[in-house]
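Undergrad: What follows is a single structure, and I will ask about it in a moment.
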Amino acid sequence: MLKNYFKIAIAVLKRRKFFTFVSLFGISFTLTILMVTTAFMDKVLSPDYPDLKRERSLYVSSMEYKNTKEGWMNRSDVSFYFFSHYVSTLKNVDKMAISSNPKASNAYVNNKKIVIAYKYTNADYWNVLEYRFLAGKPFSQKEIDNADKVAVISEETRKAYFGDASNVIGRYISADNVNYRVIGVVANVSKTVNSLSGDMYLPYTVSTSDYNKPDLMGPYNAVLLAKSKADVPKMQKEFQQMMRRVPIPKDFDRVYSNADPFFSSMTRRIAGDGANNGKTRVVTIMSIFVLLFLLLPTINLVNINVTRIMERSSEIGVRKAFGASSKTLVYQFIVENMILTFLGGIIGIILSLLAIYLINGANVISNMRLSMNLTVLFYSFIACVFFGLISGVYPAWRMSKLNVVKALKTQ
Amino acid sequence: MIRLQNIEKVYRTDTVETLAINGINLDIAKGEFLSIMGPSGCGKSTLLNIMGLLDEPSKGNIQIDSQDISSYSDQKLAKFRNEKLGFIFQSYHLINDLQVLDNVELPLLYRNSSAKERKRLATEALEKVGLSNRLKHFPTQLSGGQRQRVAIARAIVGNPQIILADEPTGNLDSAMGNEIMDILINLNQNEGTTIVMVTHDENMAHKTHRLVRLFDGSQVQ
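Protein chains in written order, with my numbering: chain A, 1052 to 1462; chain B, -8 to 212.
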């Protein structure tokens, strides 16, 4: 039976090549975009070098003041003071990685300008995050206390600044007219790990701005690490309780800062505010977007399928006359459609692999390496089934209602 | 074998009501070869479709093989058609995308028979109509007479008790028409299959046991 369906499905595909092309193109192109997007999302959302302990981590990346009466709001990154003065007192925080936003500086090497984005970090930064050292080591608390002008640089920076020199430890690199001694080289971090990627890492004590200024807003953010996964909710609760003790700045009546799990910390940045993490909003918007995106080719497929099925009314009439019930026919057409969508799916996977290969090759986002993993494949499979069913059911149902006598008259 | 009682068929559109069949009573015995004649539009095909359970009468009662099928569900009707009835159409209605053998196997797909069994039965049926050397051809590679023989093979492959033929020789020249007619007569005589045939051709009709003439939806002979 299935073999027979397969034969006829292939024959039908061959018959009207243009229709087949449009159907297959619609399916495979949509799937490609979906797969590349999911590969990208997967890259952003799953633990990635060097942020590998996401299950044990909470992220603090914003400070918000509100004047609810007047409707003012002020939102920024967080001060170093806030972390050292308040957050460091929390019992459930095992370690805390504090780092500033990357700041760009220009350096000139052999008359060529290179841009170096540097970040200030604390010593625990290197304990919380698992940077891979290709040479040298991170700076220690002692070097921070001494405000030593030392730097950890990325592999990319080493190449851009020092060329092919094999050992750069002990050599000097200049940023904003200050010379720093290189003490470590780390593997590149993808730009998608946005708060952690940088070209050069410096002790926060060498920062020119006053990091101890008793202000809540500043250029820093932090990753809080709990001892175990089970401690994370406790840590979050403790953070919230602590926020109640934080004095509210003048002219405002609320102050918000949140220690969020990774995904919420992202959605809060995109669609939330101090009081709302924006997760529901982001998920809803994304689902609607994906649904609409899938709906377009589906409607197109439904249309093509209706035309194609009506072309086959003689066949439908004959099958009914010789004992196919409406149910059997619906089943046949859904199976045929599944074959079509799976064919489109296979083409889609090949196209996705190609697209991912090209995206990685072109280095669209610095140091991002996308890959097709099983999760992505799984979602693509679900999308295929969705396509096959939705675009097959309606035409099949219409076809099964076809009057046999009328169906047999056409031709 | 087939009993039609007071069959009426009315086609309704928004403005017109057309009485296609008007009070037909007909008993067809097992093993009978009956032909139905009449001018175009007199309701011959409609009557045949009603006998084949492809169309429902507006009024009246049908019994086939002593079973009252008026209350049958779609599923049950499909099974009944599959087991008891075989159809032959004027324009053959073969599936051009499938090879001759696959076309003939079609009724068996809706039964629980294995692929091997289906192939054996279809080959046998094609042998009966003299086309055992055309199994792998596609319908478009065959002549009209050959196509109609494939259609006959498809109609008999499931070994039905009744064959309903709607102008089976209508698209063929007289030599080929006679060939087809010989196959049907043979089937009727040797296998005892009940055959009801709609035709325009007096010569063909006279080769059958009984002739029913319709005029404007009523039986006149």
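For glycine and all other residues, C-beta sits at the position ideal for the given N, C-alpha and C.
When we look at the beta-carbon of T1473/A and count the other beta-carbons within 10 Å, is it buried (16 or more) or exposed?
TA: An answer regarding residue 1473/A cannot be provided, because it is not within the stretch 1052 to 1462 covered by chain A.
Undergrad: So with CB distances below 8 Å, who are the chain A contacts of P98/B?
TA: Here the neighbours are F1373, G1374.
Undergrad: By DSSP, does T9/B sit in helix, in strand, or in coil?
TA: Strand.
Undergrad: Going along chain B in order, which residues have a C-beta closer than 7 Å to the C-beta of E1366/A?
TA: Per Cβ cutoff of 7 Å: I86.
Undergrad: Taking C-beta pairs closer than 7 Å, name the residues in chain A that Q66/B reaches, listed in chain order.
TA: Simply S1376, K1378.
Undergrad: Quick one: residues in its chain with C-beta nearer than 7 Å to the C-beta of M1450/A, no 5 flanking neighbours on either side, listed in chain order?
TA: So the list reads I1360, I1367, L1380, F1384, once near-sequence residues are dropped.
Undergrad: Could you check where the alpha helix (DSSP H) with G1368/A kicks off and where it finishes?
TA: Counting along the chain, the alpha helix (DSSP H) containing G1368/A begins and ends at 1364 to 1372.
Undergrad: Taking the alpha carbon of Y1100/A as the point to measure from, which residue in N1263/A, G1325/A, V1244/A has its own alpha carbon closest?
TA: Among N1263/A, G1325/A, V1244/A, the Cα nearest to that of Y1100/A is on V1244/A.
Undergrad: Taking P1298/A and Y1132/A to be in contact with their CB atoms under 8 Å, please state how far apart those CB atoms are, rounded to whole angstroms.
TA: That pair is no contact at about 12 Å.
Undergrad: Taking the alpha carbon of K1330/A as the reference point, which residue from R1222/A, D1311/A, L1082/A, L1342/A has its own alpha carbon closest?
TA: Among R1222/A, D1311/A, L1082/A, L1342/A, the Cα nearest to that of K1330/A is on D1311/A.
Undergrad: V1353/A and Y1445/A - do their beta-carbons sit closer together than 9 Å?
TA: Yes.
Undergrad: Are the beta-carbon atoms belonging to I(-2)/B and N52/B less than 9 Å from one another?
TA: It is a contact, given that the beta carbons lie within the stated cut-off.
Undergrad: Are any of the Cβ atoms in chain B nearer than 9 Å to that of L1394/A?
TA: Chain B contact via Cβ: absent.
Undergrad: State the start and end residues of the unbroken alpha helix (DSSP H) segment that holds N1159/A.
TA: Correcting the residue identity first, residue 1159/A is Tyr in this sequence and not Asn. Not the alpha helix (DSSP H): Y1159/A falls in the beta strand (DSSP E), residues 1154 to 1160.
Undergrad: Okay, do the segment 1182 to 1192 of chain A and the segment 1227 to 1238 of chain A touch, 3+ Cβ pairs below 8 Å being the bar?
TA: Yes, since at least three Cβ pairs between the segment 1182 to 1192 of chain A and the segment 1227 to 1238 of chain A fall closer than 8 Å, the two stretches touch.
Undergrad: I need the straight-line Cα distance from S1423/A to T1083/A, nearest angstrom please.
TA: It should be noted that the sequence gives Met, not Ser, for residue 1423/A. Spanning the two alpha carbons is a distance of roughly 11 Å.
Undergrad: Please report the distance separating the alpha-carbon of V1144/A from that of Q1291/A.
TA: Their Cα atoms are separated by approximately 13 Å.
Undergrad: Return the CA-CA distance between I1398/A and S1079/A, expressed in angstroms with no decimal places.
TA: I1398/A and S1079/A: Cα-Cα distance of roughly 6 Å.
Undergrad: Is the closest heavy atom of the ligand FAD to the C-beta of N94/B under 8 Å?
TA: Of ligands this structure carries none, so the ligand FAD is not represented either.
Undergrad: Could you tell me which whole beta strand (DSSP E) segments of length 3 or greater appear in the segment 1180 to 1214 of chain A?
TA: DSSP runs (the beta strand (DSSP E)) wholly in the segment 1180 to 1214 of chain A: 1184 to 1187, 1201 to 1205.
Undergrad: For chain B, find out if any of its Cβ atoms is closer than 9 Å to the Cβ of R1183/A; answer yes or no.
TA: Answer no: the Cβ-Cβ gap between R1183/A and chain B never drops below 9 Å.
Undergrad: Quick check: the Cα distance between M172/B and E118/B, rounded to an integer number of angstroms?
TA: Approximately 17 Å, taken between the alpha carbons.
Undergrad: Report the rounded CA-to-CA distance for R125/B versus R145/B, giving the unit in angstroms.
TA: So the alpha carbons of these two residues sit roughly 14 Å apart.
Undergrad: Have a look at D192/B and C1435/A and give me their C-alpha separation to the nearest angstrom.
TA: Taking the straight line joining both Cα atoms gives about 54 Å.
Undergrad: Tell me, please, whether the segment 21 to 30 of chain B touches the segment 183 to 190 of chain B by the rule of three or more beta-carbon pairs shorter than 8 Å.
TA: The segment 21 to 30 of chain B vs the segment 183 to 190 of chain B: in contact.
Undergrad: Which stretch, first to last residue, makes up the beta strand (DSSP E) that contains R(-6)/B?
TA: -7 to 3 is the span of the beta strand (DSSP E), which, as asked, contains R(-6)/B.
Undergrad: Does N213/B have its Cβ less than 9 Å from a Cβ in chain A?
TA: Absent from the structure is residue 213/B, since the part of chain B shown begins at -8 and ends at 212.
Undergrad: DSSP three-state call for R1222/A: helix, strand or coil?
TA: Correct three-state label for R1222/A: coil.
Undergrad: Any idea what DSSP makes of E47/B, helix, strand or coil?
TA: Coil at E47/B, not helix or strand.
Undergrad: For T1081/A and L1421/A, which I take to be in contact (beta-carbon distance under 8 Å), what is that distance rounded to the nearest angstrom?
TA: Not confirmed; about 18 Å, so no contact.
Undergrad: Would you mind sorting W1123/A into buried or exposed? The rule is 16 or more other CB atoms within 10 Å of its CB.
TA: Per the 10 Å Cβ criterion, exposed.
Undergrad: What would DSSP say about V1244/A, mapped onto helix, strand or coil?
TA: Three-state result, V1244/A: coil.
Undergrad: Could you check the C-alpha separation between K1457/A and S1442/A for me, to the nearest Å?
TA: Rounded to whole angstroms, K1457/A to S1442/A spans 24 Å at the Cα level.
Undergrad: So, at 6 Å on beta carbons, what are the nonlocal neighbours of E1106/A in its own chain, with the 5 sequence-adjacent residues on each side left out?
TA: The answer, listed in chain order, is K1280.
Undergrad: Based on the DSSP output, what are the partners of Y1169/A in its beta bridges?
TA: K1154/A, M1251/A, per the DSSP bridge assignment.
Undergrad: Just list the residues that DSSP pairs R145/B with in beta bridges.
TA: For R145/B, which the question treats as bridged, DSSP gives no partner whatsoever.
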